[in-house]
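My numbering numbers the first residue of the sequence shown as 92 and each following residue consecutively.
For glycine and all other residues, C-beta sits at the position ideal for the given N, C-alpha and C.
Quantities reported herein were computed from a predicted structural model and do not represent experimental measurements.
Everything on this sheet refers to the single structure shown next.
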Amino acid sequence: MRVLVVMVVMVAAAPTVSMVWPVLLMVLRVVMVVLVAMVVSVGCRPMVSVGLWMVSGAMVALVVPVVMA
Numbered sequence: 092m093r094v095l096v097v098m099v100v101m102v103a104a105a106p107t108v109s110m111v112w113p114v115l116l117m118v119l120r121v122v123m124v125v126l127v128a129m130v131v132s133v134g135c136r137p138m139v140s141v142g143l144w145m146v147s148g149a150m151v152a153l154v155v156p157v158v159m160a
């Protein structure tokens, strides 16, 4: 969770859109890997829904700076 916050802050602080996109793709890849690892290790549905909620929240937080820029 802390890693996600740090990444969102990094993306929000990025001055240009050209810098944001590679970071955005990297963050999405990391989030997907973490989500898959979480699902595989825990294997229960509540964690999946929480993970999906976190991913959607992170995506909104990452897209907003891109649109604003």
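| Does the separation of the CB atoms of Leu95 and Ala149 fall below 8 Å? | The answer is yes: Cβ separation under 8 Å.
| task | Less than 8 Å between the CB atoms is what I'm expecting for Leu143 and Val118, so what's the real figure, rounded? | result | Cβ atoms of Leu143 and Val118 stay farther apart than 8 Å, at about 16 Å.
| Cα-Cα separation, Val141 to Arg93 | Just so you know, the alpha carbons of Val141 and Arg93 end up roughly 15 Å apart.
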